[in-house]
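Asker: Residue numbers (my numbering): 1 to 360.
Just so you know, even glycine gets a beta-carbon here, dropped at the ideal spot from N, CA and C.
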Ligand code: DAH
């Protein structure tokens with residue numbers, strides 16, 4: 001076919017026919033090729049279809065020549081497209097084969113396995129240690145009443161912790177707050193179990209959970225953190241029981257060589273109140289950066305349950321006594337892992353979590 005043949009055609013078909021080869025070469029994908037196929041040889045509105053219409057409408061003396069030309073063009077288009085389609089399909093097959101080729105020497109692509117957060121694991125360990133001593137697990141709500149969070153714990157009405165600068169109160173319900181410690185669980189459990197106390201012969205539980213304080217976020221503060229509360233009520237319970245229990249627990253947590261000491265301290269809900277130090281888990285008591293050379297690190301608050309707390313819950317302090325303690329999970333985790341910044345526990349950076357043994 002030469003250029004003079006094309007003169008017989010409507011001008012736009014002539015132009016399309018002249019550029020067919022170039023357009024065919026430009027089709028890099030099967031999708032593009034299918035669009036080209038539609039334009040040139042599609043059943044309706046294609047150039048080939050219009051060519052047939054032009055042929056029908058052509059004057060008699062042109063029909064022969066135009067018919068031959070139309071056939072020739074249509075065949076050329078169909079064949080060109082078919083050839084290109086085979087070539088593109090072959091390329092696609094090769095790509096797919098290359099992508100699925102297995103190299104048996106490579107390690108298999110393992111999916112990332114989820115794991116418990118390091119704080120959760122420490123909390124579980126702590127709870128497990130006390131569970132082995134017969135302490136059951138209690139939980140309380142994170143939204144608490146002032147009565148549970150303060151009154152029932154013998155915290156006076158003018159205590160600074162009650163102020164809205166330290167505690168989150170609910171705007172719509174000013175009598176409700178986000179608990180500032182896990183100690184309100186003491187009040188709930190004591191009140192609930194008071195009627196069965198004699199039949200049970202006592203109470204022992206641990207209560208892990210989230211607590212909230214109006215602190216700005218910095219390396220050692222967070223407005224939300226975790227505590228584990230513990231409590232035991234029985235007859236004739238004294239400091240010796242507190243000390244023995246905590247010594248056992250700290251050795252289970254930090255190793256059998258761990259020593260503890262109790263220093264007098266003040267918490268309104270215990271009397272006497274104490275702070276518990278453990279021999280530094282990192283240097284074993286010799287003195288290092290973590291224990292600031294003293295050999296001891298402060299770990300938790302504890303004491304003998306204040307008679308007012310028992311009384312508030314409807315328990316006779318003349319008959320029953322007990323001990324309580326409360327420990328900060330983040331603080332403990334930071335100490336054992338020498339993590340200098342609390343925020344690392346909340347940022348979910350997998351590199352950190354992996355270092356903590358939280359991910360496999
Ligand atoms: N609730 C105290 C706090 O958040 C910790 C605490 C101290 C809990 C002494 C106790 C305790 O049960 O006996 O700082």
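So, using beta-carbon positions, are residue 287 and residue 293 closer together than 8 Å?
Answerer: Cβ distance < 8 Å, so residue 287 and residue 293 count as in contact.
Asker: To the nearest angstrom, how far is the alpha carbon of residue 224 from that of residue 235?
Answerer: Computed Cα separation, rounded: 36 Å.
Asker: Flag residue 302 as yes when its Cβ comes closer than 7 Å to any non-hydrogen atom of the ligand DAH, and as no otherwise.
Answerer: The answer is yes for residue 302.
Asker: Rounded to whole angstroms, what is the Cα-Cα separation between residue 63 and residue 88?
Answerer: C-alpha separation (whole angstroms): 37 Å.
Asker: Rounded to whole angstroms, what is the Cα-Cα separation between residue 72 and residue 27?
Answerer: Rounded to the nearest angstrom, the two C-alpha atoms are 22 Å apart.
Asker: Can you tell which of 78, 10 and 65 has its C-alpha closest to the C-alpha of residue 20?
Answerer: Residue 78 is the option with its Cα nearest to residue 20.
Asker: Do the CB positions of residue 302 and residue 152 come within less than 8 Å of each other?
Answerer: No, the Cβ-Cβ distance between residue 302 and residue 152 is not below 8 Å.
Asker: Does the ligand DAH have even one heavy atom less than 7 Å from the beta-carbon of residue 270?
Answerer: Answer for residue 270: yes, Cβ within range of the ligand DAH.
Asker: Tell me the DSSP bridge mates of residue 159?
Answerer: For residue 159, which the question treats as bridged, DSSP gives no partner whatsoever.
Asker: Answer with buried or exposed for residue 321, where buried requires no fewer than 16 other C-beta atoms within 10 angstroms of its C-beta.
Answerer: Looking at its Cβ environment, which holds 16 or more other Cβ atoms inside 10 Å, residue 321 is buried.
Asker: Note down, in chain order, each residue of its chain lying with its Cβ closer than 7 Å to the Cβ of residue 18, except the 5 sequence neighbours on either side.
Answerer: Correct list, in chain order: 6.
Asker: Quick check on the DSSP output: the alpha helix (DSSP H) that includes residue 350 runs from which residue to which?
Answerer: Counting along the chain, the alpha helix (DSSP H) containing residue 350 begins and ends at 350 to 355.
Asker: For residue 252, is the beta carbon positioned less than 7 Å from some heavy atom of the ligand DAH?
Answerer: No, the beta carbon of residue 252 sits no closer than 7 Å to any heavy atom of the ligand DAH.
Asker: With DSSP run on the structure shown, which of helix, strand or coil describes residue 337?
Answerer: Reduced to three states, the DSSP call for residue 337 is helix.
Asker: Assign residue 217 to one of three DSSP states: helix, strand, or coil.
Answerer: Here residue 217 sits in coil by DSSP.
Asker: Using 8 Å as the Cβ pair cut-off and three pairs as the minimum, do the region 314 to 333 and the region 93 to 104 touch?
Answerer: No, because fewer than three Cβ pairs between the region 314 to 333 and the region 93 to 104 fall closer than 8 Å, the two stretches do not touch.
Asker: Excluding the five sequence neighbours on either side, which residues of its own chain have a C-beta within less than 6 Å of the C-beta of residue 70, listed in chain order?
Answerer: Within the same chain, residue 70 has close Cβ partners 51 and 55.
Asker: So which of 264, 22, 16 and 175 has the shortest CA-CA distance to residue 41?
Answerer: Of 264, 22, 16 and 175, the residue nearest in Cα terms is 16.
Asker: Would you mind reading off the limits of the beta strand (DSSP E) that contains residue 272?
Answerer: Element bounds for residue 272: 270 to 279.
Asker: Consider the C-beta atom of residue 227 and the heavy atoms of the ligand DAH; say whether any pair is separated by less than 7 Å.
Answerer: At least one heavy atom of the ligand DAH is nearer than 7 Å to the Cβ of residue 227, so yes.
Asker: For the candidate residues 185, 354 and 131, whose alpha-carbon lies nearest to that of residue 147?
Answerer: Of the listed residues, the one whose Cα sits closest to residue 147 is 185.
Asker: Residue 207: buried (16+ other C-beta within 10 angstroms of its C-beta) or exposed?
Answerer: Under this definition residue 207 is a buried residue.
Asker: From what residue to what residue does the beta strand (DSSP E) around residue 20 run?
Answerer: Run containing residue 20: none in the beta strand (DSSP E); it sits in the alpha helix (DSSP H), 20 to 26.
Asker: Which of helix, strand or coil does DSSP assign to residue 184?
Answerer: Helix.
Asker: Considering only heavy atoms of the ligand DAH, does any lie closer than 7 Å to the CB of residue 324?
Answerer: At least one heavy atom of the ligand DAH is nearer than 7 Å to the Cβ of residue 324, so yes.
Asker: Alpha carbon to alpha carbon, how far is residue 109 from residue 98?
Answerer: Approximately 17 Å, taken between the alpha carbons.
Asker: So is the beta-carbon of residue 267 under 7 Å away from any non-hydrogen atom of the ligand DAH?
Answerer: Yes, the beta carbon of residue 267 sits closer than 7 Å to at least one heavy atom of the ligand DAH.
Asker: For residue 337, which residues from the same chain have a beta carbon less than 8 Å from its beta carbon, with the 5 sequence-adjacent residues on both sides left out?
Answerer: Correct list, in chain order: 118 and 356.
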